[in-house]
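Comments concern the structure below.
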Amino acid sequence: MAATICRSAAGSPRAAGPGAAGPVAAVPAAGGWVGAGPRRRLQLVLAGIWLLDAILQFQSAMFTRAFAQMVAGSAAGNPALLARPIGWSADLIGQHVVAANAVFAGIQLALGLGIAWRPATRIALGASVAWALAVWWLGEGFGGILTGAAGPIDGAPGPAVLCALLAVLLWPSRRARPAAFAAGRAVGTRAARALWLLLWASLAYFALQPVVRAPRAISATVSGMAAGQPHWLAALGNCGAALLAGHGLLVSALLAAAFAVVAAGPYLPPRWSRGILAGAVGLAAIIWLGQGLGGILTGSGTDPDSAPLLALLALAYWPQPAPATAGDGMAQ
Amino acid sequence: MTAPSWLTGTFAVMMLAVAGYCVVRLGMAWRWRRATELDTDGVHTVMGVAMAGMLMAGLRTLPAGVWAAVFGMSAGWFGWQAVRARRGVQAGPWRCSHPLPHVVESLAMLYMLLAMHRSLIAGAAAAMESGRAMPAAGDHLSVLALALAVYSVGYVVWLGDRLTGPPGAAAISLGLAGGAGLGSLAPRSSACCKIAMGVTMGYMLILMV
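Going line by line, the protein sequences match chains A and B.
Take any residue in the first sequence, count from 1 to its spot, add 1: that is its number in my numbering.
Take any residue in the second sequence, count from 1 to its spot, add 21: that is its number in my numbering.
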């Protein structure tokens, strides 16, 4: 953690580095603790999501064979070469379900606390990328993107890969680059914009797949999410499903058009970009309702699904008043 | 649908350890004349004992009604402190300077006591200690449990972010009493206790969703 000046109460410099006095550098509080800048705040939200994942993983249902069956189910439709390890991991989890689930929850707890605790942020973010990619393969079956049946409402491209993407974009690099938004500081503006374009263009593509645009496909997905939900959310889901029934193609086309507009957001002038990113957050909120809040009110949801992560990504691309450099409030 | 009893047992032991540590803190602060948040340490002592009792039936000490009265009073106390803080009144060296999280914690305890009480009436006794998911106080209120759990997680993250630095700096960033004069008693240990309590509370609330 060696970029921002962090002076101890006794007066000894804790760390110093380049770019400490950037335009969005956080103001050191009395005693040397440096307040959180935009990127650090986003890291903390990511930490909170990992912690919530950990707590959800501690739920009773996860200590049963249902968890192993859920993992095994994610292999369906994937190429055999990639599906086989999913089956192996599901078997292994099934044989030691209590120990395996406790380890999984413990890892996620450590990741959340590690990202929040400044001295461990880098190592925890790095570990979270590795863990998230493993979960994306062995737990989510690549979010179903290789099955031809994954739609944005189903959570494609998978919450885990979005966590990994966020960890990369929010990486507290020692040599932060000037960027118009927080997500561009670690990888650079051009690469960050390309990743954004790839993500939202792929969402548009997923929305237009034949299985997803079938007349009753989205309606069935939304009504399927209503199972086990509290009455009000189930009623909302069923009402939405009834409205969407038979209009699969129209809804898919509208979703794809919205995703395409959002994909262009970071390439536009800040005023336009802000409007589109605000729209992306709103779109993510609607998708989250369609996802039944990721099933976290059912007692068997393992995470809040992809929509909150899409909203967090949108905030990571929010244009800053001046080019963001270093000094995001983390002693780095 | 059963969580291993060792898990609830571990959380219960952790809560008893937090309660014990808070008692020790109060004693040490009095003995060494070091600043600590009397109200926070006091409420965390009773909260730790109450939560341990909720997690394991064998550790229950007082009836739910008594605990509800205690946490109702603590919610009132910290609520009053929050109002004072909002009016710009400086908290003394023996009072909590960030009372809002403790208002929410106290309300969460009241919620959990209510939910357990209803659960017991419904014949789902000992649901928590057997790790079974308990129905919340009502269908709509499961959202409240989730909101309280998310708040707990947010508070844990907020504390974790402020743990850095030497004790004096940590005390200031954590808003602990006596931080500026380096007189605060083990501020990071206190924050770690709050983190442990926040994680445990989040776990218990999610079980009630």
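We put the CB at the ideal spot given by N, CA and C, even for glycine.
Bear in mind that the values here come from a model prediction, so they are computed numbers and not experimental data.
Problem - Own chain, CB closer than 6 Å to Ala205 of chain A, minus 5 neighbours either side, in chain order - result: If you number the first sequence from 1, residue 205 of chain A lands on position 204. Same-chain partners within the cutoff: Ala257, Phe260 and Ala261.
Problem - Identity of the residue in B:His65, B:Tyr224 and B:Trp51 nearest Pro120 of chain B by Cα - result: The residue labelled residue 120 of chain B in the question sits at position 99 within the second sequence. When each option's Cα is compared against that of Pro120 of chain B, the closest is B:His65.
Handout entry: Assigned exposure category for Ile124 of chain A - 16 Cβ within 10 Å defines buried
Key = Here residue 124 of chain A refers to the residue found at position 123 when the first sequence is read from its first residue. Ile124 of chain A should be labelled exposed.
Problem - Buried or exposed (CB count within 10 angstroms, at least 16 for buried), Met133 of chain B - result: Locating residue 133 of chain B in the second sequence gives position 112, counting from the first residue. Classification of Met133 of chain B: buried, given that the 10 Å Cβ count is 16 or more.
Problem - is_contact[Ile124 of chain A, chain B] using C-beta, thresh 7 Å - result: Translated into the one-based positions of the first sequence, residue 124 of chain A becomes position 123. It does not; no Cβ of chain B falls within 7 Å.
Exercise for the section: Identify every residue that forms a DSSP beta bridge with Ser129 of chain A. Expected result: Taking the first sequence and counting its residues from 1, the one referred to as residue 129 of chain A is at position 128. In DSSP, Ser129 of chain A forms no bridge with anything.
Handout entry: Whole-angstrom distance between Gly175 of chain B and Ile50 of chain A, CA atom to CA atom
Key = On the first sequence, position 49 is the one that residue 50 of chain A refers to. On the second sequence, position 154 is the one that residue 175 of chain B refers to. Answer to the nearest angstrom: the Cα atoms are 9 Å apart.
Exercise for the section: Let me know the secondary structure DSSP gives Ala279 of chain A once reduced to three states. Expected result: In the first sequence, counting from the first residue as 1, residue 279 of chain A sits at position 278. In this structure, Ala279 of chain A counts as helix in the three-state DSSP scheme.
Practice task
Please determine if the stretch 99-115 of chain A and the stretch 45-61 of chain A are in contact, where contact requires at least 3 C-beta pairs separated by less than 8 Å.
Solution key: yes
Handout entry: Range of the contiguous alpha helix (DSSP H) that encloses Val110 of chain B
Key = As a working note, residue 110 of chain B is residue 89 in the second sequence. Note, Val110 of chain B: premise wrong, no alpha helix (DSSP H); not H, not E.
Exercise for the section: For Tyr176 of chain B, decide whether its Cβ has a neighbour in chain A, counting only Cβ atoms nearer than 7 Å. Expected result: One-based indexing of the second sequence puts residue 176 of chain B at position 155. It does not; no Cβ of chain A falls within 7 Å.
Problem - Cβ separation of Leu43 of chain A and Leu316 of chain A, assumed to be a contact under 8 Å, to the nearest whole Å - result: Counting from 1 along the first sequence, the entry for residue 43 of chain A is found at position 42. Counting from 1 along the first sequence, the entry for residue 316 of chain A is found at position 315. Correct: roughly 6 Å between the Cβ atoms.
Problem - Any chain A beta carbon closer than 7 Å to Val34 of chain B - result: Mapped onto the second sequence, residue 34 of chain B falls at position 13. By this cut-off, Val34 of chain B is not an interface position.
Problem - At least three beta-carbon pairs within less than 8 Å, the stretch 159-171 of chain A to the stretch 122-138 of chain A - result: yes
Practice task
Would you kindly work out how many angstroms separate the C-alpha atoms of Gly88 of chain A and Ala265 of chain A, rounded to a whole number?
Solution key: In the first sequence, counting from the first residue as 1, residue 88 of chain A sits at position 87. In the first sequence, counting from the first residue as 1, residue 265 of chain A sits at position 264. Whole-angstrom Cα-Cα distance: 39 Å.
Handout entry: Cβ pair count under 8 Å reaching 3, the stretch 74-84 of chain A against the stretch 131-144 of chain A
Key = yes
Exercise for the section: Could you pull out every residue in the same chain whose Cβ sits closer than 6 Å to the Cβ of Tyr224 of chain B, ignoring the five residues on either side in sequence? Expected result: In the second sequence, residue 224 of chain B corresponds to position 203, counting from 1. There are no such residues.
Exercise for the section: Measure from the C-beta of Leu184 of chain B to each C-beta in chain A and report whether the shortest distance is under 7 Å. Expected result: As a first step, residue 184 of chain B is located in the second sequence; it is residue number 163 there, counting from the start. Cβ-Cβ to chain A under 7 Å: yes for Leu184 of chain B.
Problem - Three-way DSSP call (helix, strand, coil) for Ala215 of chain A in this model - result: As a working note, residue 215 of chain A is residue 214 in the first sequence. It is coil, neither helix nor strand.
Handout entry: Interface flag, Tyr172 of chain B vs chain A, CB-CB below 7 Å
Key = The count along the second sequence starts at 1 and reaches residue 172 of chain B at position 151. Cβ-Cβ to chain A under 7 Å: no for Tyr172 of chain B.
Practice task
Using a Cβ cut-off of 7 Å, pull out every chain A residue sitting near Ser163 of chain B, in sequence order please.
Solution key: Here the question's residue 163 of chain B lines up with position 142 in the second sequence. What Ser163 of chain B touches in chain A: Pro231 and Leu298.
Problem - Below-7 Å beta-carbon distance, Arg119 of chain A vs any chain B residue - result: What you label residue 119 of chain A is simply residue 118 of the first sequence in a count that begins at 1. Cβ-Cβ to chain B under 7 Å: yes for Arg119 of chain A.
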